[in-house]
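Asker: Mapping of the first sequence onto the numbering used here: position 159 corresponds to residue 191, and the numbering continues sequentially without gaps. Here a beta-carbon is modelled for each residue, glycine too, at the ideal position from N, C-alpha and C. The structure displayed is predicted, hence computed values, not measured ones. Have a look at this one.
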Amino acid sequence: MKFELQHTDPKSNARAGKITTDHGEILTPIFMPVGTLGSVKAVHQHELKEDIKAQIILGNTYHLYLRPGIEILEQAGGLHKFNGWDKPILTDSGGFQVYSLSHNRKLKEEGATFRSHIDGSKHTFTPESAVDIQRSIGADIMMAFDECTPGTAEFDYAKKSMELTHRWLDRGIKHFHETEPKYGYSQAFFPIVQGCVYPELRIKSAEYISSKNAEGNAIGGLAVGEPAEKMYEMIEVVNGILPQDKPRYLMGVGTPINLLEAIERGVDMFDCVMPTRNGRNGMLFTRNGTMNMRNKKWENDFSPIDPDGTSYVDKAYSRAYLRHLFIAEELLGLQIASIHNLAFYLWLTGEARRHIINGDFPTWKAMMVKQLGQRL
RNA sequence: GGGCAGUUACCAGAGUGGCCAAAUGGGACUGACUGUAACUCAGUUGUCUUUCGACUUCGGUGGUUCGAAUCCAUCACUGCCCA
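Structure representation (C-alpha cells):
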C-alpha cells in the first residue's frame, strides 16, 4: 500500500491524497461504506460502483469469522472473490465488538472471549488470531485488535485500556510480520490510537502508535458517548502527532458534519453505519439537512427525493413514493434510502477533496455545516 | 315469523359493580440511531392542561345502586341457525 499526500489546505489541516492498493486507488478524503458481513446492507455491488461510486468497503472480522467462517472464505479464495467486490476492502479487527458486545465478553491480557450473538458459543480473539483471520479474509487493510474504550470511561480505566491496546498492538505487529498474505496481493496493517477523552492519554497513544511507523494510522474510541466537541478536540490532539505522510482513519464516524469537522482537522478516511442503518430506518441525509421519510409531510410530495442528489434514485423516485415504501415496509425503500445516503456521503467526501484541491475548503465547509444541521 | 349470539377508543379485541380513560395487538403520529446482535428501538395515540389534575366516554334511552362499560327494562342495529 502506498499513500501520496497530494494537497494540504493552507488555512486548515485538511488534506487530499491518494492511497494505492493492489485492488486499486482510493482518493482521500474518503468515506468507506460498511459491509459487516461482506455485504453492504440492501445495496448491490453494481450500485456500489456505478451509482454510489464507493472506492473501498469494510468487512468485519468478528462477523465473518462466525459466518460464513474462515474455512469457507479460504475456499472461496478470500472475501474479494467470495462477494465479487474487486476493489479495496478494509476489515475491522473485532475490536469494536469488544465494546458493543461488552456484556457478552471477558477481557484478559491474552485476548477477549466472546459469546457469539448468534448461538451463544464461546470464542476467543487475540491480537494474533485477529491478524490470522484478516489474512484469511484477505483485506487490503487490516486493523489491529484493540479495546474500543467507552467515551464515558474514567481516567484510570481509560489508561489501563489504552495500555492493553498498546500491548496488543505489539503482539499484532509481530504476528503481522511473521505471517504472509494468502492470496498473492499485499495487505497493510493499521494500529489504532485510544485514550478516551483525555488529552494526556491521547498524546501518549498517538506517540506510541506513530513510533510503529505503520502504513496508515487509525483513531478509535471516538463517537462512543462523548460530546462532539470532545471528539474534535481529541482529533486535533492526535493529528498533531500522527505522521503527515500516512493516511489517518477515524473509525466509526459519523454524521456529515462530523466528517467535515474531522476532515478540517486532517482526517483522510471514515467509515460509519449511519448512512445505511439510518437509511433503513427511514432517515435521509441531504446537503440541506436530514429528512425522516416516515413523516406525514411527505405524503403527497411528488417532487424528487433529492433534486441535488447525484445518484440515480434521487430523481427516479418521489418523496411521496419513498414514504409509501417505508410505511408499507417494502424492501425497495431500504434499498433506495441506502443508495441515496451512501451516494450522498461519497459525494460529500468527494466535494471536500475537490475544495481542498481548489483551495477554498474552509469557506465551503462553513457553508455546508450550516446547511447540514437543518431538518427538512 | 322463531331461536341464539353480539354492539367497547382509528381497527380488532379484553374487561361482567369501585383498583377503568378502559389490558393487548395492529394502525397512525413523533423521535432516536456514529469501527452494524439494528428493515431496529423508544414515546404518544378521548378532550383540556407543562405537571398535578379536571372533564366527557364503552349502540340509544330510562332505571337499580353511595358507585355502572359491567346489573335491570326497553328501543335500534349486526351476525348465525331454524322456518
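With burial defined as no fewer than 16 other Cβ atoms inside 10 Å of the residue's Cβ, what is the status of Tyr217: buried or exposed?
Answerer: exposed
Asker: With DSSP collapsed to three states, give me the class of Gly365.
Answerer: helix
Asker: Would you grab the beta carbon distance between Ala250 and Pro223 for me? Rounded to a whole angstrom, and I think it's under 8 Å.
Answerer: Going by Cβ atoms, the distance from Ala250 to Pro223 rounds to 7 Å, so yes, they are a contact pair.
Asker: Please confirm whether Lys34 and Thr60 have their CB atoms less than 7 Å apart.
Answerer: no
Asker: For the alpha helix (DSSP H) holding Leu354, just list the boundary residues, first then last.
Answerer: Arg351 to Ile359
Asker: Using alpha carbons as the reference points, say which of Glu82, Gly253 and Glu212 lies closest to Met194.
Answerer: Gly253
Asker: Taking Arg167 as the reference, give the member of Phe187, Leu139 and Glu212 with the closest Cα.
Answerer: Glu212
Asker: Is Pro42 helix, strand or coil by DSSP?
Answerer: DSSP places Pro42 in coil when its eight states are reduced to three.
Asker: With DSSP collapsed to three states, give me the class of Glu57.
Answerer: strand
Asker: Please report the straight-line C-alpha distance between Lys154 and Lys85, rounded to a whole angstrom.
Answerer: Rounded to the nearest angstrom, the two C-alpha atoms are 39 Å apart.
Asker: Can you give the beta carbon distance from Met175 to Thr123, rounded, assuming they're within the 8 Å contact cut?
Answerer: The beta carbons of Met175 and Thr123 sit about 6 Å from each other, so the pair counts as a contact at 8 Å.
Asker: Throw me the rounded Cβ distance for the Met410 and Thr287 pair, which I believe falls under 8 Å.
Answerer: With the chain covering 33 to 408 only, the question about residue 410 has no answer from this structure.
Asker: Find out if the Cβ-Cβ distance for the pair Pro159, Gly127 is shorter than 7 Å.
Answerer: no
Asker: Please say whether Asp303 and Val75 have beta carbons closer to each other than 7 Å?
Answerer: no
Asker: Between which two residues does the alpha helix (DSSP H) harbouring His209 extend?
Answerer: Phe187 to Glu210
Asker: By the 10 Å Cβ neighbour count, where 16 or more other Cβ atoms means buried, how is Pro120 classified, buried or exposed?
Answerer: So Pro120 counts as buried.
Asker: Checking 7 Å against the spacing of the C-beta atoms, do Ile62 and Thr381 come in under that value?
Answerer: yes
Asker: For Ile267, which of helix, strand or coil comes out of DSSP?
Answerer: Assignment of Ile267 by DSSP, reduced to helix, strand and coil, places it in the helix class.
Asker: In the structure shown, what three-state DSSP assignment does Met325 receive?
Answerer: Here Met325 sits in coil by DSSP.
Asker: Once the 5 residues before and after Arg137 are set aside, which same chain residues still bring their CB inside 8 Å of it?
Answerer: Listed in chain order, the non-local C-beta contacts of Arg137 below 8 Å within the same chain comprise Gln129, Val130, Ala144, Thr145, Phe146 and Arg147, local neighbours out to five positions each way being set aside.
Asker: Helix, strand or coil: which one does DSSP assign to His76?
Answerer: coil
Asker: Answer yes or no: do Ile173 and Leu96 have a C-beta to C-beta separation smaller than 7 Å?
Answerer: No.
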